[in-house]
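Peer 1: Take this structure, written in structure tokens, and hold onto it; I'll ask about it next.
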Amino acid sequence: DTVARLTPLAESRGIDLGITRRDKAITIGARADFEVILDNLVENAVRYTPPSGTVDVAVIVAGQEARIEIHDTGPGIPEEEMPRVFERFFRARPQDSEGSGLGLAIAKAAAERQGARLALAMREDGPGLVACLIVRMASMKA
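As structure tokens, this is what we get:
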């Protein structure tokens with residue numbers, strides 16, 4: 011649903027948005043919280059990725075965990091700013107960014123309500139960021 015909702019924004023910015031892996035369909039209990047999280051992560055990836063870039067979403071189920079990963083080819087976040095990204099009103103590169111700096115704080119709070127973990131890291135295979143939502147299967151219906 012998130013990818014479908016944000017495809018028009020991605021297309022208007024010349025960004026290739028798609029799903030690269032989906033191990034199996036998963037249904038998550040508190041759908042509204044998970045939509046807030048995923049919409050925020052994917053929209054951030056689309057907004058910060060330059061034209062002709064890519065945003066790839068993968069759903070990986072392993073053991074008792076599901077990982078939803080969003081890989082982008084944007085500028086990433088400077089290492090020294092990474093510890094603050096989930097703070098309210100914090101914006102990395104404020105001169106280049108839109109928004110209020112609340113999105114990731116809201117996403118993290120929603121993840122914590124659902125017993126999920128949210129993490130960001132620089133890509134190891136090139137420029138960009140990886141946002142990862144990790145959900146225990148006990149929090150989900152398979």
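Numbering (my numbering), first residue to last: 11 to 152.
Note that CB positions come from ideal geometry on N, CA and C, so glycine has one too.
Note that the structure is predicted; figures quoted are calculated from it, not measured.
Spell out the partners DSSP gives L128 in its beta bridges.
Peer 2: L143
Peer 1: Considering only residues of the region 25-69, which uninterrupted beta strand (DSSP E) runs meet the minimum length of 3 residues and lie entirely inside it, listed in chain order?
Peer 2: 26-32
Peer 1: Take V145 as the anchor and find which of R57, G24 and E79 has the nearest alpha-carbon.
Peer 2: E79
Peer 1: Using only the alpha-carbon positions, how far apart do K34 and A115 sit?
Peer 2: 29 Å
Peer 1: Can you give me the start and stop residues for the beta strand (DSSP E) that R77 sits inside?
Peer 2: E75 to D82
Peer 1: Checking the sheet assignment: what are the DSSP bridge partners for A72?
Peer 2: E75
Peer 1: Between the Cα of R94 and those of V71, K118, A76 and E75, spot the shortest distance and give me the residue it belongs to.
Peer 2: K118
Peer 1: Within the continuous alpha helix (DSSP H) that includes L114, where are the two ends?
Peer 2: Its alpha helix (DSSP H) spans residues G113 to R123.
Peer 1: Would you mind sorting I47 into buried or exposed? The rule is 16 or more other CB atoms within 10 Å of its CB.
Peer 2: buried
Peer 1: Can you tell me whether V95 is helix, strand or coil according to DSSP?
Peer 2: coil
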